[in-house]
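Participant: Protein chains in written order, with the working numbering: chain A, 793 to 1049; chain B, 793 to 1049. All C-beta atoms, glycine included, are put in the ideal place defined by N, C-alpha and C.
2 protein chains.
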Amino acid sequence: MNILITAGGTSEKIDNVRSITNHSTGRLGKAIGETFLTQGHRVTYVTTPQAVRPTPNSNLTFIEIETTKELETALLDQFEHQVFDGIIHSMAVSDFTTETTLSEDAFIEKLVAKLVKDGNLTNLTNLTDALYHSLDEIGKTIQPEKKIPSGTDRLLLFLKKNPKIIAMLREKQPQAVLVGFKLLVGVSTEELIQVGHAILAKNKCDFVLANDLEAIHGDHHHGILIDASGQTETADTKNEIAQLIVSKVEEKWRMQG
Amino acid sequence: MNILITAGGTSEKIDNVRSITNHSTGRLGKAIGETFLTQGHRVTYVTTPQAVRPTPNSNLTFIEIETTKELETALLDQFEHQVFDGIIHSMAVSDFTTETTLSEDAFIEKLVAKLVKDGNLTNLTNLTDALYHSLDEIGKTIQPEKKIPSGTDRLLLFLKKNPKIIAMLREKQPQAVLVGFKLLVGVSTEELIQVGHAILAKNKCDFVLANDLEAIHGDHHHGILIDASGQTETADTKNEIAQLIVSKVEEKWRMQG
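(1) Could you say which of A:M1047, A:G1022 and A:D998 lies nearest to L961 (chain A) if we only look at CA atoms?
(2) Out of B:E896, B:P955 and B:A959, which one is the CA nearest neighbour of G943 (chain B)?
(3) Between A:V844, A:Q935 and A:Q1048, which has its C-alpha nearest D807 (chain A)'s C-alpha?
(4) Quick check on H815 (chain B) - is its C-beta less than 9 Å from some C-beta in chain C?
(5) Taking the alpha carbon of A968 (chain A) as the reference point, which residue from A:L975, A:E1025, A:K902 and A:W1045 has its own alpha carbon closest?
(6) Please confirm whether G1022 (chain B) and N1003 (chain B) have their CB atoms less than 9 Å apart.
(7) Three-state secondary structure (DSSP) at N1031 (chain B)?
(8) Can you say whether Q965 (chain B) is buried or exposed, counting buried as having 16 or more other CB atoms within 10 angstroms of its CB?
(9) So is R952 (chain B) in contact with chain A if we call contact Cβ pairs under 9 Å?
(10) Under 8 Å: do the region 1035-1042 of chain A and the region 809-829 of chain B share three or more Cβ pairs, one atom per stretch?
(11) Looking at the C-beta of V809 (chain A), does it have a partner C-beta in chain B at a distance below 9 Å?
(12) With three or more beta-carbon pairs closer than 8 Å as the criterion, would you say the region 821-835 of chain A touches the region 872-885 of chain A?
(13) Do you know offhand how far N995 (chain A)'s Cα is from K974 (chain A)'s?
(14) Of all the beta strand (DSSP E) runs that stay within the bounds of the region 949-979 of chain A, which reach a length of 3 or more residues?
(15) Have a look at A:G1049, A:V1041, A:L868 and A:I1008 and flag the residue whose alpha-carbon is nearest the alpha-carbon of T1029 (chain A).
(16) Helix, strand or coil, according to DSSP, for G878 (chain B) in the structure here?
(17) Could you work out which residues of chain B lie near D1019 (chain A), taking near to mean beta carbons separated by less than 7 Å?
(18) By Cβ distance below 6 Å, which residues in the same chain neighbour N1031 (chain A) in space, the five residues on each side in sequence not counted?
(19) What are the complete alpha helix (DSSP H) segments, minimum 4 residues, inside the region 810-887 of chain A?
(20) Where does G1015 (chain A) fall in DSSP's three states?
(21) I want to verify the contact list: residues of chain B whose CB lies under 7 Å from the CB of D945 (chain A), in sequence order.
(22) Quick one: which chain A residues come within Cβ less than 8 Å of E896 (chain B)?
(23) Measure the beta-carbon distance from L948 (chain A) to L948 (chain B) and round it to whole angstroms, keeping in mind my assumption that it falls under 8 Å.
(24) Start and end of the beta strand (DSSP E) containing K805 (chain B)?
(25) Are the beta-carbon atoms belonging to L863 (chain A) and T933 (chain A) less than 9 Å from one another?
(26) At a Cβ cut of 9 Å, what residues of the region 969-983 of chain B count as close to chain A, listed as they run along the chain?
(27) Ordered along the chain, which non-local residues of its own chain (more than five positions away) have a Cβ less than 7 Å from that of A866 (chain B)?
(28) If you draw a straight line from the alpha carbon of F899 (chain A) to that of N918 (chain B), how long is it in whole angstroms?
(29) In angstroms with no decimal places, state the Cα-to-Cα distance between D1019 (chain B) and V987 (chain B).
(30) Shorter than 9 Å from the beta carbon of E862 (chain A) to some beta carbon of chain B?
(31) With 9 Å as the threshold, decide whether the Cβ of V885 (chain B) is near any Cβ in chain A.
(32) Cβ closer than 9 Å: which chain A residues qualify as neighbours of I957 (chain B)?
(33) When the cut-off is 9 Å and only beta carbons count, does Q986 (chain A) lie next to chain B?
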């Protein structure tokens, strides 16, 4: 099979020296990649600078990206040249990217200017509408301050939605067996399965691996693999999860073929 | 000499899976640490998980921190037990830490509620004052939303000032030869020296190493070491900068002794 794996975590630049980073060691992606390679499959592996990687192999190609935008561009480029049989989208992708950053003083100055421009503020509905309108204008049009004044006690960072990569994967590669991932924090098994299945349905995945940050400690890694019919199988280490995903993707691919 | 070095870059948590990270490879700190060790000095080396480190050595002690708050705590703890002869503060420390995060909807709802509570909004001065007061209340009292609604198109991240570590270093270790660092982006040599000297004076450093991100490429690293009298010396690689800092700190220490 020709396999695409995304792993690691994206970063979104705030400025030249600061980013918002999604933490991911990449260890699960590495285990999945190595398991596919052991089974003789070809792997295109998209990852981020800080994540660990599978051992180099003649069937393995690396692509390195940092931001969600770079991820989108790299994937669209691959899809021009390759058709994938399986896609394992384990990368922790930022839902939001930076829009602008302002000191509290600059923010209030801009906001007052826009509110006043928008007119009557005495009416509650007007005020709410005017605030939405003003925030939208500030977010979209005001450049981050080049140099934050040193007396500034508070900064306001505007973040806007990133494109949904998982939806694009299904749209561009309808033939692929698609595995999505969902990480939650401190929820019940029922909620984990319910949210995982909702993600699967929404994004037309074949499987979703649902896991909880509080059930991941070193190599212990509790994961629940959910299929389209709502059936679940569990695994308790990264290697077990990798084995489970590889065997399910192979099985599904054989059934489709 | 008994030397303290800080290196790497701090991270500030946004939530369980995201942080704001100050980028720093730690390569300059590693070069400075290894040069002090080669000269037979003892080194306490405070660093961050992603940064590279000096080769282990019997005269070298590592302390690992992530946030600016952890850095402050770790340093205060060291100062209870150690007196340092030289302090090289090369860590990229976040000026700001996260205060709260809200979706645009939640932000506007809270803001309207507080503005209305504060009364008359028709007057421009009142509006500005009410906005400062409302933002302050929101920042300090509103918890981040546990789960960001999936329809949210914009997030507002409130950041507040971190304690100034360099000021605390001089206050707690008045006897130490103190070296501060200032990284700017795309400025003239004159501005670099002027800003570096201002930082030196403000924080009572003995030296400041001023450098520009645009003059750092791999091992090429242009740095200007400024002393209290405004004299400057330059170096063009990380090793040259390390040699320059170590020799200047040794010389200054001998003169004080």
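Facilitator: Well, looking at it:
(1) Comparing Cα positions, the closest option is A:D998.
(2) B:E896
(3) A:Q935
(4) No chain C is part of this structure, whose protein chains are labelled A and B.
(5) For the residues A:L975, A:E1025, A:K902 and A:W1045, the minimum Cα distance to A968 (chain A) belongs to A:W1045.
(6) no
(7) When DSSP states are grouped into helix, strand and coil, N1031 (chain B) belongs to the helix group.
(8) buried
(9) Correcting the residue type first, residue 952 (chain B) is Lys in the shown sequence and not Arg. With 9 Å as the cut-off, K952 (chain B) counts as an interface residue toward chain A.
(10) no
(11) Chain B places a beta carbon closer than 9 Å to that of V809 (chain A), counting this residue as a contact.
(12) Yes, since at least three Cβ pairs between the region 821-835 of chain A and the region 872-885 of chain A fall closer than 8 Å, the two stretches touch.
(13) 12 Å
(14) 969-976
(15) A:I1008
(16) Looking at G878 (chain B) - three-state DSSP - the assignment turns out to be strand.
(17) Within chain B, no residue comes near D1019 (chain A); the closest Cβ sits about 23 Å away, beyond 7 Å.
(18) Result list for N1031 (chain A): A823, in chain order.
(19) Runs of alpha helix (DSSP H) with 4 or more residues, each lying fully within the region 810-887 of chain A, are found at 819-830 and 860-873, listed in chain order.
(20) strand
(21) K952 and K953
(22) Y924 and L927
(23) 6 Å
(24) Per DSSP, K805 (chain B) belongs to the beta strand (DSSP E) from S803 to K805.
(25) For the pair L863 (chain A) and T933 (chain A), the CB atoms are not nearer than the 9 Å cut-off.
(26) Listed by position along the chain: L975, V977 and G978.
(27) V838, I855 and I857
(28) 16 Å
(29) 13 Å
(30) Under the Cβ criterion of 9 Å, E862 (chain A) is not counted among the residues facing chain B.
(31) no
(32) Ordered by position in chain A, no residue passes the 9 Å Cβ test against I957 (chain B), which lies about 15 Å from the chain.
(33) no
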